[in-house]
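According to our numbering, the residues represented by the sequence shown are 29 to 178, in order.
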Amino acid sequence: MSTKALRKEEEENLLRRADDLCRQNNLRLTPIRERVYRELVQSGGPVGAYDLVDRLSNEKKRLAPVTIYRALDFLRDAGLVHRLATQNSYVISHGQPDMNAMKIMFVDAKTGETVEVHSTEVAEAVRKAAEQAGFKSVSPFMEVEGEIAQ
29 MSTKALRKEE EENLLRRADD LCRQNNLRLT PIRERVYREL VQSGGPVGAY DLVDRLSNEK
89 KRLAPVTIYR ALDFLRDAGL VHRLATQNSY VISHGQPDMN AMKIMFVDAK TGETVEVHST
149 EVAEAVRKAA EQAGFKSVSP FMEVEGEIAQ
């Protein structure tokens with residue numbers, strides 16, 4: 029199978045997962061939400077909200093940024109995308125970690141390329157540190173900026 033065919037198959041699997049997840053949780057994947065998610069899937073990397081406005085608008089009608097932000101908020105709350113604070117952009121989620129694991133997104137500061145890893149060891153270390161700091165709960169998502177080794 030060619031790389032292009034594998035990429036297309038991965039895209040279809042992610043879109044099917046989003047549809048299934050929404051159905052299982054009685055969430056509505058509206059046409060605009062699906063278009064935003066599909067664009068993020070096809071981009072293969074982080075995309076900013078205003079880039080999404082540009083990509084999804086046409087000559088006759090420009091989408092309002094608030095429309096894109098609402099779709100992104102829905103997709104983030106559903107666990108389908110992550111907001112990368114270091115890049116001020118959004119990237120698709122490749123699934124939820126096990127109950128005791130934490131999702132770590134490594135972001136290359138130069139290229140914006142991301143690598144998603146799930147780790148129980150990091151989750152335990154963060155849980156202990158949060159406990160020592162007097163925090164009751166911590167987000168199961170961590171973003172680390174750096175350089176991807178060549």
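Idealized CB from N, CA, C, for every residue including glycine.
query, result
"Cβ neighbours of I60 in the same chain (closer than 7 angstroms, five flanking residues each side left out)", "T95 and A99"
"Of the residues Q70, M127 and V135, the one placed nearest A151, counting alpha carbons only", "M127"
"CA-to-CA distance, Y118 to E141, given in whole angstroms", "12 angstroms"
"Assigned exposure category for A46 - 16 Cβ within 10 Å defines buried", "buried"
"Where E87 falls: helix, strand or coil (DSSP)", "coil"
"Euclidean distance between Cα positions of K88 and Y97", "21 angstroms"
"Beta carbon of V145 nearer than 8 angstroms to that of F134", "yes"
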